[in-house]
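Enquirer:
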Amino acid sequence: MAANDKLFIGLDVGGTSVKMGLFDEQGELVGRGSVPTPPLIDSDGYAAVTGGITNVLAAASAQIENVYGIGLAIPCPVPADGVIRMQANVQINAPGLEAALKRHCPNATVKFENDANAAAMGELWAGAARGRTSCVFVTIGTGVGGGIVVDGHVVSGIAGAGGEIGHLCMNPDEERTCGCGGKGHLEQYASATGIVTSYLDECEKHGSQPVELDGPSDSRSVFAAAKAGDEAAWAAIDIMCDYLGRALSMIANVVDPEAFVLGGGTSNSSDLFMDRLEASYRRYAITVTADKPIEIASLSNDAGIYGAAYVALQAQEDAR
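See below:
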């Protein structure tokens, strides 16, 4: 890289590790690293992150003064005012961490973003949605998350709840409670946990013995059972596709993105459900949006670092 290249750092803050990526302005990954996630609430925690940044820069033979942006993908809503009020799996003192990062990289603009929103931006910048200006990213894992990008920018919303599609109420008659406290949310049917729950219900209806499951979110075993001809497993997959296809059709009516992009662990089994999901989407969509592509994310676990770096790049450009 040239000595005067502008560099951007993406930090994906997870429950166990902070993954780090160093990027140039074109989205090329030029360095990476990680550190165990400390409580990001005091000088020791901040030093763990800044020390990791120092190591990544050294390995890439890059200089601190060339870092013009640092983005952080974090697993909680990021409101428009930047004050993080709800935290689940990590402890973050955002103002303190931001100040520490700015001291360490004095030329850098620092930007926080929700992790699903960041992943959406990563797929737009360098992944499955590259070359587009809008997309809706859906991550399907233990829960269902999402990120909405319009005109090249993520839609976070005033409370940071933009893209929380997993909590669309799809079935107001549902008696079971979602993890958020609501009922009948998309996450209860389309997540890995929802697929397993539906599968066990369908086994009971069919009077069949379920396959051995490795926990309440082991959708991989359900997909394997479907591949082996398990009718209850196929019924659970159909439930997932019906609810998710209907949710995507509703989102298309509001956002009208160029494409939907599916990520998360469950997307690895898309060869078994994509045809059914597309058919469900077309069944509910209006004519002008019915042919919208549904694609599989390509950045896998790196989407967060790409997207975090990209939102930092945008923030730096906006600040000029």
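Converting from the sequence shown to our numbering requires adding 59 to each position, the first position being numbered 1. Just so you know, even glycine gets a beta-carbon here, dropped at the ideal spot from N, CA and C.
Could you pull out every unbroken alpha helix (DSSP H) segment of at least 4 residues lying fully inside the region 185-262, listed in chain order?
Expert: Here the runs fully enclosed are 246-249.
Enquirer: Could you pull the DSSP bridge partners for M333 from this structure?
Expert: Answer is none; M333 lacks a bridge partner.
Enquirer: Given a cut-off of 8 Å on the beta-carbon distance, is the pair K161 and V149 in contact?
Expert: For K161 and V149, no; Cβs fall outside 8 Å.
Enquirer: Ends of the beta strand (DSSP E) at N173?
Expert: Start and end: 168-173.
Enquirer: Straight-line CA distance for C237 to F332?
Expert: Taking the straight line from one Cα to the other gives about 24 Å.
Enquirer: Can you look up L183 in the DSSP assignment and give me helix, strand or coil?
Expert: Reduced to three states, the DSSP call for L183 is helix.
Enquirer: Given N166, which residues of its chain have a CB within under 7 Å of its CB, disregarding the five upstream and five downstream residues?
Expert: Excluding residues within five positions, the ones whose Cβ falls inside 7 Å are E124, V126, Y127.
Enquirer: Ordered along the chain, which non-local residues of its own chain (more than five positions away) have a Cβ less than 6 Å from that of F67?
Expert: Same-chain partners within the cutoff: F82, G128, A368, A371, L372.
Enquirer: Is it the case that the region 265-284 contacts the region 303-311, given that we only count it when at least three CB pairs across the two stretches are under 8 Å?
Expert: Output reads no: the region 265-284 does not touch the region 303-311.
Enquirer: Going along the chain, which unbroken runs of the alpha helix (DSSP H) with 4 or more residues stay wholly within the region 79-130?
Expert: Correct list: 102-118.
Enquirer: Please classify L70: does DSSP put it in a helix, a strand, or coil?
Expert: Strand.
Enquirer: Does DSSP put G322 in a helix, a strand or coil?
Expert: Three-state DSSP puts G322 in a strand.
Enquirer: Could you tell me if K286 is buried or exposed, where buried requires 16 or more neighbouring beta carbons within 10 angstroms of its beta carbon?
Expert: That one is exposed.
Enquirer: When we look at the beta-carbon of Q85 and count the other beta-carbons within 10 Å, is it buried (16 or more) or exposed?
Expert: Exposed, because fewer than 16 other Cβ atoms sit within 10 Å of the Cβ of Q85.
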